[in-house]
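The block underneath contains the structure these notes are about, expressed in structure tokens.
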Amino acid sequence: MNKIMNPSFSVPAVTGRHNLRALLLAAAFTFSSTAALAQQSYPSADDAANAFADAVTRQDTGQLNKVLGKDWKTLMPTQNIAQQDIDDFLAAWKQAHRVVAQGADRAVVEVGTQGWTLPMPVVKRGTGWQFDVQAGSEEMRTRRIGRNELNTMQALLAYYDAQKEYASVDRGNDGVLQYAQKFKSTAGKHDGLYWAVSGKEAESPLGSLFAEIKPGEGYHGYYYRILTAQGENANGGAYSYIIKGRMVSGFALLAWPINYGQTGVKSFIISHDGKVYEKDFGPNTPALVKRIKVFDPDKSWQKVALPEPVSQSASNASNKAP
9 MNKIMNPSFS
19 VPAVTGRHNL
29 RALLLAAAFT
39 FSSTAALAQQ
49 SYPSADDAAN
59 AFADAVTRQD
69 TGQLNKVLGK
79 DWKTLMPTQN
89 IAQQDIDDFL
99 AAWKQAHRVV
109 AQGADRAVVE
119 VGTQGWTLPM
129 PVVKRGTGWQ
139 FDVQAGSEEM
149 RTRRIGRNEL
159 NTMQALLAYY
169 DAQKEYASVD
179 RGNDGVLQYA
189 QKFKSTAGKH
199 DGLYWAVSGK
209 EAESPLGSLF
219 AEIKPGEGYH
229 GYYYRILTAQ
239 GENANGGAYS
249 YIIKGRMVSG
259 FALLAWPINY
269 GQTGVKSFII
279 SHDGKVYEKD
289 FGPNTPALVK
299 RIKVFDPDKS
309 WQKVALPEPV
319 SQSASNASNK
329 AP
């Protein structure tokens with residue numbers, strides 16, 4: 009099951025090379041700042057890579073300023089990076105590292121055995137080699153978007169699983185199997201996909217971190233909205249999922265980037281058929297998604313080739329759902 013229990017649920021496609029956990033390990037330092045120095049050039053790309061690793065190992069801010077230049081902190085965010093991240097990077101560096109040439113004047117630094125590379129390439133400028141921090145910043149943005157979008161698709165699958173599990177039991181003790189119309193349950197009730205468990209109470213279908221998100225916060229760079237109806241382009245045509253106050257005819261979820269071009273690009277939708285669709289609304293995404301009230305994947309939406317199929321548990325649960 010794709011149950012969301014923490015913000016680092018497994019996404020095989022992004023493990024290693026796309027994981028931002030190690031991408032800035034140099035930029036992860038919380039040492040006191042020192043006077044900014046001009047960026048140093050090195051005789052070879054290997055020398056630049058070794059200087060970078062040495063600065064990380066010794067946690068030498070002054071040396072790091074030399075390696076990356078005076079403006080690196082303005083281009084590379086350092087928040088949310090822990091000492092463990094630095095330790096992991098150094099362990100991976102010790103395990104394996106190499107400089108991979110990409111032409112005569114550019115190279116990337118590969119660290120560990122998973123094919124992960126530092127986001128900052130090493131480039132030849134004049135007679136020496138330097139890290140291109142500006143290019144590294146752009147690469148970080150690209151990786152962040154890719155990671156967030158894959159995590160969002162996983163979140164949609166987790167929502168799908170959670171709704172199927174929720175509807176497999178008569179939660180309201182009223183003889184009706186129905187889907188949840190909200191993420192978090194009312195205190196003391198099971199009218200949402202998540203509820204705090206006490207004693208021998210059954211675990212809720214949805215993990216706490218996703219359900220505890222406050223309005224306006226988002227999750228992994230994305231906002232989410234439950235849709236309670238579908239349009240004419242959906243399988244089965246247009247109809248409401250809610251009958252007499254209960255959502256029994258289906259469910260759907262919309263996800264869109266909090267900051268278009270920074271936290272994500274594509275918007276995503278899923279319904280009770282388990283298929284995920286994506287669409288790029290462009291810079292005007294916030295205004296355009298406000299208009300979306302129903303699940304209606306017309307030809308402008310593209311079906312996503314999922315990183316993994318909908319889980320068997322979801323398929324089994326679907327046989328019990330309304």
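Under this note's numbering, think of the first position of the sequence shown as 9, with each following residue one higher.
Even glycine gets a Cβ: it sits at the ideal position worked out from N, Cα and C.
Since this is a predicted model, take the numbers as computed values, not measurements.
Residues near residue i in its chain [Cβ-Cβ closer than 8 angstroms; skip 5 each side]
i	result
ARG152	LEU28, GLY229, GLN270 and THR271
VAL273	ILE153, GLU157, PRO265 and ASP288
GLU240	ALA246 and ASP304
ALA61	LEU98, TRP101 and HIS105
VAL116	VAL107, VAL108, GLN110, THR125, LEU126, PRO129 and VAL130
For residue i: DSSP bridge partner residues
i	result
PRO265	TYR230
GLN171	Paired residue(s): none; GLN171 is not in a bridge.
GLY136	ARG133
PHE303	GLN238
ALA107	First, the residue type needs correcting, since residue 107 is Val and not Ala in the sequence shown. Partner(s): VAL117.
SER248	ALA237
Own chain, CB closer than 6 angstroms to residue i, minus 5 neighbours either side, in chain order
i	result
GLY180	none
ARG233	LEU262
ARG106	GLU118
GLY144	PRO127 and MET128
LEU83	VAL141 and SER145
ALA46	none
GLU147	PRO127
TYR187	GLN171, ALA175, MET255 and PHE259
SER212	TYR202 and TRP203
Limits of the unbroken beta strand (DSSP E) element including residue i
i	result
TYR285	284-287
PHE276	275-279
Residue i, enclosing alpha helix (DSSP H) - first and last residue
i	result
TRP80	80-83
ARG66	53-66
LYS74	69-76
ALA295	293-297
Three-state class that DSSP yields for residue i in the structure shown
i	result
PHE259	coil
THR125	strand
GLY253	coil
GLN270	coil
SER1	With the chain covering only 9 through 330, there is no way to say anything about residue 1.
GLN310	strand
SER216	helix
TYR192	Reading off the sequence, residue 192 comes out as Lys, not Tyr. Three-state result, LYS192: strand.
Own chain partners of residue i with C-beta closer than 7 angstroms, once the 5 adjacent residues on each side are dropped
i	result
VAL312	MET161, VAL284, TYR285 and GLU286
ASN243	ASP281
THR236	GLN189, SER248, TYR249, ILE250 and MET255
ARG114	PRO129 and VAL131
SER52	TRP137
TYR268	PRO291 and THR293
PHE39	At PHE39, the pLDDT of 34 sits below 50, so the modelled position is not reliable; the number obtained from the coordinates is stated separately. Once the five neighbours on either side are set aside, the close Cβ partners of PHE39 are GLN67 and THR69.
LEU164	LEU261, ALA263, PHE276, ILE278 and VAL284
VAL302	LEU235, ALA237, GLN238 and GLY239
ARG208	Strictly speaking, residue 208 in this sequence is Lys, with Arg absent from that position. Nothing meets the Cβ criterion.
THR65	LEU98
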